[in-house]
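Note that numbering that gives the first Met the number 0 gives residue 85 to position 86 of the sequence shown, counting from 1, and the numbers run on in steps of one.
For reference, the structure discussed in these notes is given below.
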Amino acid sequence: MEIVKFNSQVNELPLKVLFSLEAMYQEVEKFVNDPEHPYHESAKIIYEKVKQYPELRTGIEDFHQLPKYKEPINLLTDKLFPGPLLTNEIKALMVPFQFHAFRLTTRFANIIKNAGKGFEMKMTGFNEENFYIMACSFILVHYYKQPFHFSRPLSLEIKNQNTGILHHYRLLLNADFTQVEKTDLAPELTQDDIDQLMLHGDDLAFWKSKFPPNSYIFKGFGLMNLYDATTEVTIAQIRALFLRNDDNVFHDFRDNLRVLYGIKDLSVGYSVY
Numbered sequence: 000m001e002i003v004k005f006n007s008q009v010n011e012l013p014l015k016v017l018f019s020l021e022a023m024y025q026e027v028e029k030f031v032n033d034p035e036h037p038y039h040e041s042a043k044i045i046y047e048k049v050k051q052y053p054e055l056r057t058g059i060e061d062f063h064q065l066p067k068y069k070e071p072i073n074l075l076t077d078k079l080f081p082g083p084l085l086t087n088e089i090k091a092l093m094v095p096f097q098f099h100a101f102r103l104t105t106r107f108a109n110i111i112k113n114a115g116k117g118f119e120m121k122m123t124g125f126n127e128e129n130f131y132i133m134a135c136s137f138i139l140v141h142y143y144k145q146p147f148h149f150s151r152p153l154s155l156e157i158k159n160q161n162t163g164i165l166h167h168y169r170l171l172l173n174a175d176f177t178q179v180e181k182t183d184l185a186p187e188l189t190q191d192d193i194d195q196l197m198l199h200g201d202d203l204a205f206w207k208s209k210f211p212p213n214s215y216i217f218k219g220f221g222l223m224n225l226y227d228a229t230t231e232v233t234i235a236q237i238r239a240l241f242l243r244n245d246d247n248v249f250h251d252f253r254d255n256l257r258v259l260y261g262i263k264d265l266s267v268g269y270s271v272y
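Below, the structure is given as structure tokens:
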């Protein structure tokens with residue numbers, strides 16, 4: 000099992016992150032306990048194979064150990080990766096907040112392969128301080144049940160070395176298989192505290208006073224989906240070119256057309272009449 004890392008591991012978070020497949024164990028047990036369900040017999044076989052890995056339920060903190068659990072992880076998450084879609088969807092399992100992606104679909108694996116040796120996957124516009132506040136916001140939504148909108152557009156740039164085209168991908172994260180637990184290190188927040196947080200959107204020190212590092216426990220896993228937004232991004236860049244007046248406008252216009260049409264040696268000229 001290959002683990003793809005990107006945006007080097009975050010140094011500090013309000014969450015202690017544990018990779019856990021508890022949600023998928025519960026899904027298997029549901030079919031095991033329902034003799035009338037068509038999946039009953041197969042669920043029993045799967046459960047017998049995965050029940051010997053209790054650490055996948057309680058949570059794994061050392062993510063470097065994940066490859067040795069390849070077989071039970073694949074058995075438990077097969078429903079999330081239907082075979083007919085593996086060559087179409089750009090999807091992977093992910094350890095949220097830690098930038099470890101694994102069990103890549105065929106299309107995702109090919110994208111990484113075509114990026115060439117030494118490629119490092121990084122999110123554009125990533126800021127570790129803002130990411131800490133984003134993690135705090137996640138706690139507000141999932142633990143305190145606050146209607147707090149914290150989503151920001153997350154994107155990746157991956158260049159295909161074979162075509163020379165830089166692709167832009169939107170990163171979508173599914174956190175339905177996660178849970179957040181409060182520890183004794185975390186102060187209990189009042190509604191007034193939450194209201195004050197809303198007024199201190201970029202004040203990291205204030206957020207840390209309410210969400211100290213490692214004061215909550217995150218258990219579960221995420222689903223990472225990439226959407227190829229290269230065409231939309233390129234068209235937006237071409238529109239922006241017409242607001243510029245410098246010597247590189249035509250050069251950049253040609254490069255954007257090469258990306259838009261997928262022709263790396265496209266030549267562009269113009270005539271004046």
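Glycine is no exception: its CB is placed at the ideal position from the N, C-alpha and C atoms.
Every value quoted in this text rests on a predicted model; they were computed, and no experiment measured them.
| Is it a yes or a no for the stretch 222–238 touching the stretch 164–171, going by three-plus beta-carbon pairs under 8 Å? | yes
| Nearest neighbour of ARG44, chosen from ARG56, GLY58, THR57, GLU28 [CA to CA] | As a first step, residue 44 is located in the sequence shown; it is residue number 45 there, counting from the start. The sequence shown places Ile at residue 44, rather than the Arg named in the question. Checking every option, the nearest Cα to that of ILE44 belongs to GLU28.
| query | Are the beta-carbon atoms of LEU20 and LEU55 separated by less than 8 Å? | reply | As a position in the sequence shown, residue 20 is number 21, starting the count at 1. As a position in the sequence shown, residue 55 is number 56, starting the count at 1. Going by C-beta atoms, LEU20 is nearer than 8 Å to LEU55.
| said: Rounding to the nearest angstrom, what Cα-Cα distance links LEU198 and LYS144 in this structure? | reply: Taking the sequence shown and counting its residues from 1, one reaches residue 198 at position 199. Taking the sequence shown and counting its residues from 1, one reaches residue 144 at position 145. Their backbone Cα atoms lie some 18 Å apart in a straight line.
| request: For PHE249, count neighbouring Cβ atoms within 10 angstroms of its own Cβ and tell me buried if that reaches 16, exposed if not. | output: The residue you call residue 249 lines up with position 250 of the sequence shown. By the neighbour-count rule (16 or more Cβ atoms within 10 Å), PHE249 is not buried but exposed.
| task | Write down every uninterrupted run of the beta strand (DSSP E) in the stretch 54–79 whose length is 3 residues or greater and which is fully enclosed by it, in chain order. | result | none
| query | Between LYS209 and LEU184, is the Cβ-Cβ spacing less than 8 Å? | reply | For the purposes of this step, residue 209 is taken as the residue at position 210 of the sequence shown. For the purposes of this step, residue 184 is taken as the residue at position 185 of the sequence shown. No, Cβ-Cβ distance for LYS209 and LEU184 is not below 8 Å.
| query | Can you give the beta carbon distance from ILE216 to THR177, rounded, assuming they're within the 8 Å contact cut? | reply | Walking along the sequence shown from the start, residue 216 turns up at place 217. Walking along the sequence shown from the start, residue 177 turns up at place 178. With 8 Å as the limit, ILE216 and THR177 do not qualify as a contact, their Cβ atoms being about 11 Å apart.
| Which of helix, strand or coil does DSSP assign to MET0? | By 1-based counting over the sequence shown, the position of residue 0 is 1. Reduced to three states, the DSSP call for MET0 is coil.
| field | For ILE262, the three-state DSSP class (helix, strand or coil) | value | The residue labelled residue 262 in the question sits at position 263 within the sequence shown. Three-state result, ILE262: coil.
| message | Count Cβ pairs between the stretch 129–147 and the stretch 105–120 that sit closer than 8 Å; are there 3 or more? | response | no
| Through-space distance from GLN195 to ASP201, alpha-carbon basis | Taking the first residue of the sequence shown as 1, we reach residue 201 at position 202. Taking the first residue of the sequence shown as 1, we reach residue 195 at position 196. Taking the straight line joining both Cα atoms gives about 12 Å.
| Cβ-Cβ separation, PHE18 to ILE59 (assumed contact under 8 Å), whole Å | Position 60 of the sequence shown, counting from 1, holds the residue named residue 59. Position 19 of the sequence shown, counting from 1, holds the residue named residue 18. Confirmed, Cβ separation roughly 5 Å.
| LEU259: which of ARG238, SER270, ARG243, TYR272 sits nearest, CA to CA? | Taking the first residue of the sequence shown as 1, we reach residue 259 at position 260. Cα-wise, what sits closest to LEU259 is ARG238.
| said: I'd like the span of the alpha helix (DSSP H) that includes LYS116, first residue to last. | reply: Here residue 116 corresponds to residue number 117 of the sequence shown, with the count starting at 1. Run containing LYS116: none; DSSP gives neither H nor E here.
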